[in-house]
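Below is one structure, written out as structure tokens; comments come after it.
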Amino acid sequence: MKILDKINLEKLIGILKQDGYKVIGPVIKDGVILYDEIDSIKDLPEGWEDEQEAASYRLKKTNDKSLFSYVVGPQSWKKFIFPQRLRLWKAKREGKGFSVNSTKESKPKYAFFGVRSCELNAIFIQDKVFNNGMFADSYYNEVRDNILIISVNCTRSAGTCFCVSMKTGPKAKNRFDISLTEVIKNEEHYFVLEEGSPRGSDITTQLETMDASEVQIKEADDAINNAALKMNRSMNTAGLKELLYSNHDHPIWAQIASKCLSCSNCTMVCPTCFCSNMEDTTDLSGNNTERWRRWDSCFNLDYSKVTGGNFRTSGKARYRQWMTHKLASWIDQFGTSGCVGCGRCITWCPVGIDITKEIENLRNSPMPITK
Ligand code: SF4
Ligand code: SF4
């Protein structure tokens, strides 16, 4: 473990940029923390933290100069690897036929700066979705292969976090290139740095670091443990798959649907959701056409429209599908739960539907016996 000061944190961003990385990190925009390109630590949300509860998000000034006191905002890193809108190909009319423009566009080389442990786990989950043997997504994998990950361990938890119960946080355990833990104690402000890959070590050797003392490592560990201890929400995952599979006809789905607006916010903010749709467009001349992929949601009525009809016409069916897929059939499909406990779907649901509470309600209300 090493110690990095703020001057060298700035230097780290410079090295990444020199190496050709587009550095993406947390910035304040539109009153929330978003992920966007950064040039300097001056772009980071110094002295800001977030307060989150069901259907509520606020940024609040802190009394210190912490750079990573916020937890997570509405966006996740998926927007860079699985973009919201992506042109898949374009074609031009030629006589009675057409030709497809197969020019390969160069892919960005990203350094993700400030990835939380739950988000790192969400990236691993999306890796399973998009790097899936014969169904591998070429755009995703080309971008993903070049991403450098600098994770930042959480030293605060938001009111909607439940990563501890999902075993996805608050400390990043592996598959990062560099991990940082911010420590502010008395007049000291430093980062405990851990190298996680040869690429991370190469970069670290270009920085001025010091070996971390036992006291400094303990300060960092205590700060992370504090975030875990203060986490108010949890999800009991024992037998969860079986619970959901055996409650397809439970009245709880209608109760949730009576609140749910089918707005799709929960799926847009979720770092693992991956529904998409295709759109073909032509210009006014009729000579040029493009095929675009854009994010979609299983909460949208048209998403379940197929030849012959729609197999999920009710809000009840759509919420049940989302939760059952996320927490049960995802395990059969990809060998992992689809939830990392980031809490975004709770914060950004306009009516405050809480996935942890709904699971608890389901556990505590046995299926009524019908005669
Ligand atoms: S389901 Fe909710 S808590 Fe779980 S990963 Fe998605 S947004 Fe986060
Ligand atoms: S965010 Fe809330 S209201 Fe909107 S679709 Fe999801 S559960 Fe329903």
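So for the sequence shown, our numbering puts the first residue at 135; every next one is plus one. Just so you know, even glycine gets a beta-carbon here, dropped at the ideal spot from N, CA and C.
Beta-carbon to beta-carbon, C476 and E253 are separated by about 7 Å, close enough to satisfy the 8 Å threshold. Between K243 and N280 the beta-carbon gap is near 5 Å, inside 8 Å, which marks them as a contact.
With contact defined as three or more Cβ pairs closer than 8 Å, the region 164-172 and the region 206-219 are in contact. Shortest gap from the CB of S240 to any heavy atom of ligand 2: 8 Å or more. I386 has its CB no nearer than 8 Å to any heavy atom of ligand 2.
Straight-line measurement puts the Cα of G148 at about 35 Å from the Cα of M300. Beta-carbon to beta-carbon, C483 and A189 are separated by about 6 Å, close enough to satisfy the 8 Å threshold. Here DSSP, grouped into helix, strand and coil, assigns E321 to coil. A distance criterion of 8 Å places the beta-carbon of T470 beyond contact range of ligand 1, judged by its closest non-hydrogen atom. Counted as a single uninterrupted DSSP element, the alpha helix (DSSP H) harbouring P332 occupies residues P332 to T339. In the DSSP assignment, Y244 falls within the unbroken beta strand (DSSP E) covering Y244 to V249. Here E492 has I386, I390 and M457 as same chain residues with Cβ atoms under 8 Å from its own Cβ, once five neighbours each way along the sequence are excluded.
Taken through DSSP and simplified to helix, strand or coil, V485 comes out as coil. Rounded to whole angstroms, the gap between the alpha carbons of S313 and N287 is 7 Å.
Cα atoms of S240 and K224: separation of roughly 16 Å, rounded to the nearest angstrom. Cα atoms of F214 and I257: separation of roughly 11 Å, rounded to the nearest angstrom.
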